[in-house]
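Protein chains: 2
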Amino acid sequence: MQDDLNTNLCNAVDAAFDQQVQFLSDLTAHPSIRGNEQSAQAFMATTLSERGYELDRWQIDVAEISHLPGFSPVIGDYEDAVNVVGTHRSRTQSGRSLILNGHIDVVPAGPLDMWDSPPFEPRVEDGWLYGRGGGDMKAGLASNLFALDALAACGLAPGGDVFVQSVVEEECTGNGALACLARGYAADAALIPEPFSEHLVTAQLGVIWFQVHLRGRPTHVAYAGSGANAIEAAFPLIRALHEMEHRWNAAEHRPADYAHMDHALNLNLGKIEGGDWTSSVPAWAVFDVRMAIFPGQSIEAAKTEIEQVILDAARDNDFLRNSLPEIVYHGFHAEGYALSQDSSAKAQSAIAALDQAHQAATGEALVREAITATTDARFFGLYADTPALVYGPRAEAIHGFNERVELESMRRVTKATAMFIADWCGVETI
Amino acid sequence: MQDDLNTNLCNAVDAAFDQQVQFLSDLTAHPSIRGNEQSAQAFMATTLSERGYELDRWQIDVAEISHLPGFSPVIGDYEDAVNVVGTHRSRTQSGRSLILNGHIDVVPAGPLDMWDSPPFEPRVEDGWLYGRGGGDMKAGLASNLFALDALAACGLAPGGDVFVQSVVEEECTGNGALACLARGYAADAALIPEPFSEHLVTAQLGVIWFQVHLRGRPTHVAYAGSGANAIEAAFPLIRALHEMEHRWNAAEHRPADYAHMDHALNLNLGKIEGGDWTSSVPAWAVFDVRMAIFPGQSIEAAKTEIEQVILDAARDNDFLRNSLPEIVYHGFHAEGYALSQDSSAKAQSAIAALDQAHQAATGEALVREAITATTDARFFGLYADTPALVYGPRAEAIHGFNERVELESMRRVTKATAMFIADWCGVETI
C-alpha cells in the first residue's frame, strides 16, 4: 500500500510538473532582493490562499525577536519585511506535524552584463532554469508547495498540521525564520529544501557579518604625505583577518563533521567603499566581511577575537593608531548547527523517513554532507528542539552569475518530499 | 604718484573689506561641487552685472573643445556646466589686457561629522573663514572682484581689457578654462589666485586620472576557493602602481623645479567601490587613481606605462590573468606647466609687476614655489602663449575637513592684485 501511495504521489508530481516549472519561473521573475520581497510574498500568499491554506502574513517586529537567542542585529527597521505562512490543519491529528520552510529573499544580481540573460527573466534551457534565486531557493519553495499538491491530487492531506513558511531575511540575518518561531510556529520536524544537490545536510557553519569603518584626516593629494589614505589603511587589516582565518581552520580546531576539510571557514571581503574624489586623499573607507565559525564555536568569543585582530593591526599602522577603526555588526550572528549531533528519536526517525523517501524517488542512498554555509535550519535545531532537515535540488552558481537549478532534480526532490510528508505526517482523506 | 595710487588702492580694499568677507561667505555657502555650480555661478553673474561688467554665460559644449590640446576626457555631457565671464572694455585701450581667472567648483565635503561646523555654512573665527571652497578658491574669486572694485572706488578703471572668469571643472578636467580659450578669450597675462600662501607658482605638475575596472566570476562564499575576489584582486595592482610612483620620483627624472623634492609625484587611490553582498564573493571592483607627472613628461607615454604596469601585475595574478582589467580615462589629462621656463619679455614683465605689487602689499619679497598640484594656469601658458601667474591667499586643509582661508592673507592678496592691475593694465578715469 505504501508502494502504491508512493507511485501515485510520483505520478501526481509528474502530472503537475509543467505547472510547477511555470510556477518556479513566475516566482523567480519577482526580483525579491532584500527590501523588495513584497511582490514575491504577495504571489506566495495568493498561491497558498487559492489552495485553501489558512494564511498568516505579518511584518517582522524587531521588538518581538531582539531578545531571543539567534537574533542577528539589523540596521533600520523592518517596515518592508513580511513573512508568509500557509497552514494546513489536519482534521484527524493522527500524525506528526511538519514545517516546510523556504526563504523568498535572493542576493543581488551584480553587474547585469555578466549574465547571459537577465537575472529576473528566467529561462529554461537544456533542463535547467536560469535566474537569480531560481536555485537559492525558489525551486525549494516550489517543491514544498507541489509536494503537498501531489497529496491533494491523490485525494489526501497530511495527517498532522503542516506549516508552509515563506520567510525573508535568510540571506543576511535569519530573522525571518526567527520571527516564525516567535509567532508560535512549532512542529515535530522541519524540512528546508535549500539547493544542496539532494544531499542531507548534517552540519552547517555559523556566520558572522561585520563592517569596519575607517576614518582619517584627508587633504589635497598634493600633500599626500600629510594625509592618511583611509582606503589603503584597510589593506593591513584585511591581511590580519586572513591570518586569523588561517588559524581558525587549523586541524586541531575542526569538529568531526569538518575534520576532512582544510578550509571550511571562509572569510569574505564582500563589499568595500571609500573616498569621494579622485584628487582628495580619501578620508573614509568601509568594508564588509563575512566570516564563518564551526558548530560549537562561540559567537561572542569569535567577535572578541575579530575585534582584537583588527585593533592590533590598526595599532601597528601609523595612521590608524590615532584613529582606531569602528566595528559595526549588522547582519548574521549565526551559530553553527549539526543535525549529526542530534541523537533524539525524533531526529533519527525524521532522517530515516527522508532517507527512505529519497531512495524511493531516486533509487540511491541519501548522501550526508556538512556544508560551508549557514541556513535557517539552526533556528529549528538549536532554539526549538526541532530536527531540521536541509534537503533540496541541485543548483549551480548560487550567489553568482547565471545561477541555475536542474529541473529533473527539483522533480525528484518534490517526489521525495511528497513521500516524506505522507510517511512523517501520515495521510487522511480530504 | 604710483605711491599715492597704491595707498589709495590699499585704503579702498580696507574700506570694502567687511563687504568682501561677506561676499566670500555668501559665495562659500553655495555648495558648488561638480554638477551643482549653478547657484554659485548665478551669484557670480549677478555680482558682475551689478558692477557693470559685460556678461557672458554659456554652457560648455564638448564638441567645441574636444579637439583642442589640453582637453580632458569626460563621461556624460555638460548640461550642467556653465561658465561665467564678466568683461571690462577699456575706453582708452592704453594698457595691457588681463585675465583674472578663478574656479567656482569645489571638491566634495566628505563625511559631515568630521567637520567642526557644516562645510557650506561658512563661519569666521580668529581671522579665518571656514568652509568647503572658501580657500580653494572662492577667496581668490573674491580677491579678483574686490581688487577691481578698489580701482573703481578710486574713480579708475584698468587701461586695458580685463576678463573676470568664473569657470567650472577645474577640480577634474580643466575643461572650463579650456572652453574660455575656445570662446576666444585672450589677454596679455592671466592671474589665478589659487591658495598657495601668497607665493608665486613657478611650476605645477601634470595630473592624470584613471579608473580601473575589475571583473570576475563570483559565487557563494561557501565556495570562496572557486570564486575570485575582485576587491582583493585590486591590491597587487595598487602595489605595482606605487612601485611605478617610486620610480617616477627618482632623482634622475626630476626637472630643475622639482630637483629638491623627494616625492613630488603623488599617486592617490582616491576612491574604491566593489561588491554587492557580504556573503557573495565580489564580482567587481572599481578604483580611481590620480597620478602626477612632471612638466615636460608626456601624457601619452605616462598612460602607456600606467597601462603596462596594471596589465603586467594583472597577468601575475591567477584570477586577473583570465579577466584583464579595463582602464578608463574620465578626468584630468593635464600636462605640467612651468612659468619658470617662460623667458618671454611678457612673462618677465608680468612677474616683475606682481613682485612689486606683492612687496608693496606685504613688505616682503615674493617667494617662488613649485607646487605638487595642477591648476588651470596650464591652458594660458601652454596653449595660448599667455604667462599665467598663480598667486593667491593662504589656506589650509584644502580638499580636507575644516578647510579654511586666512582673511588677512586675502586682504593682502586683494591689495597686491589691485596694484598689479593698475601697473599691468595702467588706469583710466571712469
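Note that the protein sequences, when read in sequence, are chains G and R. Letter by letter, the first sequence follows residues 1 to 430 of full-length UniProt numbering. Letter by letter, the second sequence follows residues 1 to 430 of full-length UniProt numbering. Glycine included, each C-beta is placed from N, C-alpha and C at the ideal position. These figures come from a predicted structure and were not determined experimentally.
Near-chain G residues of the region 274 to 296 of chain R - C-beta to any C-beta below 9 Å: Hits within the stretch, in order: G274, G275, D276, W277, T278, S279, S280, V281, P282, A283, W284, A285, F287, D288, V289, R290, A292.
Member of G:G392, G:E64, G:T47, G:F319 whose CA lies at the smallest distance from the CA of G:L354: Of the candidates G:G392, G:E64, G:T47, G:F319, the one whose C-alpha sits nearest the C-alpha of G:L354 is G:G392.
CB contact check: G:G110 to chain R, cutoff 9 Å: Yes, because at least one Cβ of chain R sits closer than 9 Å to the Cβ of G:G110.
Touch test, the region 413 to 422 of chain R against the region 129 to 145 of chain R, Cβ-Cβ under 8 Å, three pairs minimum: Note that the region 413 to 422 of chain R touches the region 129 to 145 of chain R; at least 3 beta-carbon pairs, one per stretch, sit closer than 8 Å.
Straight-line Cα distance separating R:R89 from R:C154: Their Cα atoms are separated by approximately 18 Å.
One or two residues paired with R:G86 in a DSSP bridge: Looking at the DSSP output, R:G86 sits in a beta bridge with R:L55, R:V164.
4-residue-minimum alpha helix (DSSP H) runs that sit fully inside the UniProt domain "Peptidase M20 dimerisation" (203 to 315) of chain G, ordered along the chain: Taking only runs of at least 4 residues, the alpha helix (DSSP H) segments lying wholly in the UniProt domain "Peptidase M20 dimerisation" (203 to 315) of chain G are 234 to 248, 299 to 315.
Nearest neighbour of R:A361, chosen from R:A147, R:A250, R:S94 [CA to CA]: When each option's Cα is compared against that of R:A361, the closest is R:A147.
Any 3 or more C-beta pairs closer than 8 Å across the region 199 to 212 of chain G and the region 331 to 344 of chain G: With the rule of 3 Cβ pairs closer than 8 Å, the region 199 to 212 of chain G counts as touching the region 331 to 344 of chain G.
Minimum C-alpha distance to G:V62 - residue among G:P119, G:Q20, G:D14, G:C180: When only C-alpha atoms are compared, the closest one is G:C180.
Neighbourhood of R:S97 by C-beta, 6 Å cutoff - its chain only, sequence neighbours within 5 removed: If we look at R:S97 and ignore the five residues flanking it on each side, its Cβ neighbours are G160, D161, A187, D188.
DSSP-derived helix/strand/coil call for G:N11: G:N11 falls in the helix class under three-state DSSP.
Below-9 Å beta-carbon distance, G:V74 vs any chain R residue: No, G:V74 lies away from the interface with chain R (no Cβ there is under 9 Å from its Cβ).
R:Q38 vs R:D77 beta-carbon contact at 9 Å: No. Outside cutoff.
Where the beta strand (DSSP E) containing R:A190 begins and where it ends: 190 to 192 is the extent of the beta strand (DSSP E) around R:A190.
Interface flag, R:K415 vs chain G, CB-CB below 9 Å: No, R:K415 lies away from the interface with chain G (no Cβ there is under 9 Å from its Cβ).
Rounded straight-line distance, which links the Cα of R:S94 to that of R:S197: The straight-line gap from Cα to Cα measures roughly 32 Å.
Three CB pairs or more closer than 8 Å across the region 105 to 116 of chain G and the region 12 to 26 of chain R: As far as the Cβ criterion goes, the region 105 to 116 of chain G does not touch the region 12 to 26 of chain R, which means the pair count is below three.
Residues that R:G331 contacts on chain G, provided the C-beta gap is smaller than 7 Å: Result: T278.
Minimum Cβ-Cβ distance from G:N268 to chain R less than 9 Å: Closer than 9 Å: yes.
Beta carbon proximity, R:H399 to chain G, threshold 9 Å: R:H399 counts as touching chain G.
Cβ-based contacts, 7 Å cut-off: residues of the region 104 to 128 of chain R near chain G: Interface annotation for the region 104 to 128 of chain R against chain G: V107, P108, G110, P111, M114, criterion Cβ-Cβ distance under 7 Å.
Opening and closing residue of the alpha helix (DSSP H) in which R:H358 lies: Counting along the chain, the unbroken alpha helix (DSSP H) around R:H358 starts and ends at 345 to 362.
Where G:T304 falls, given that 16 or more other Cβ within 10 Å makes a residue buried: The residue is exposed, with fewer than 16 neighbouring Cβ atoms inside 10 Å.
Contact under 9 Å by Cβ, R:L269 with R:F287: With a cutoff of 9 Å on beta-carbon distance, R:L269 and R:F287 are scored as near each other.
C-alpha gap between R:A234 and R:A285, whole angstroms: CA-CA distance, R:A234 to R:A285, rounds to 8 Å.
Within-9 Å CB hit, G:V367 to chain R: Answer no: the Cβ-Cβ gap between G:V367 and chain R never drops below 9 Å.
Between the CA atoms of G:F294 and G:V367 - distance to the nearest angstrom: Cα-Cα distance, rounded: 21 Å.
Own chain residues within Cβ distance below 7 Å of R:A313, not counting five before or after: Excluding positions up to five away in sequence, the list reads P236, L237, A240.
CA nearest to the CA of R:G70, picked from R:F401, R:D376, R:V405, R:R394: Ranking R:F401, R:D376, R:V405, R:R394 by Cα distance to R:G70 puts R:D376 first.
For G:Y391, three-class secondary structure by DSSP: In this structure, G:Y391 counts as coil in the three-state DSSP scheme.
R:D423 versus R:F401, R:A352, R:E364, R:A395, residue with shortest Cα-Cα distance: Checking every option, the nearest Cα to that of R:D423 belongs to R:A352.
G:I327 - DSSP class collapsed to helix/strand/coil: For G:I327, the three-state secondary structure derived from DSSP is strand.
Where G:Y185 sits in the DSSP three-state scheme: It is coil, neither helix nor strand.
Alpha-carbon spacing of G:A350 relative to G:T386, whole angstroms: Separation of G:A350 and G:T386 (C-alpha to C-alpha, rounded to the nearest whole angstrom) is 10 Å.
Helix, strand or coil at G:Y78 [DSSP, three-state]: Correct three-state label for G:Y78: coil.
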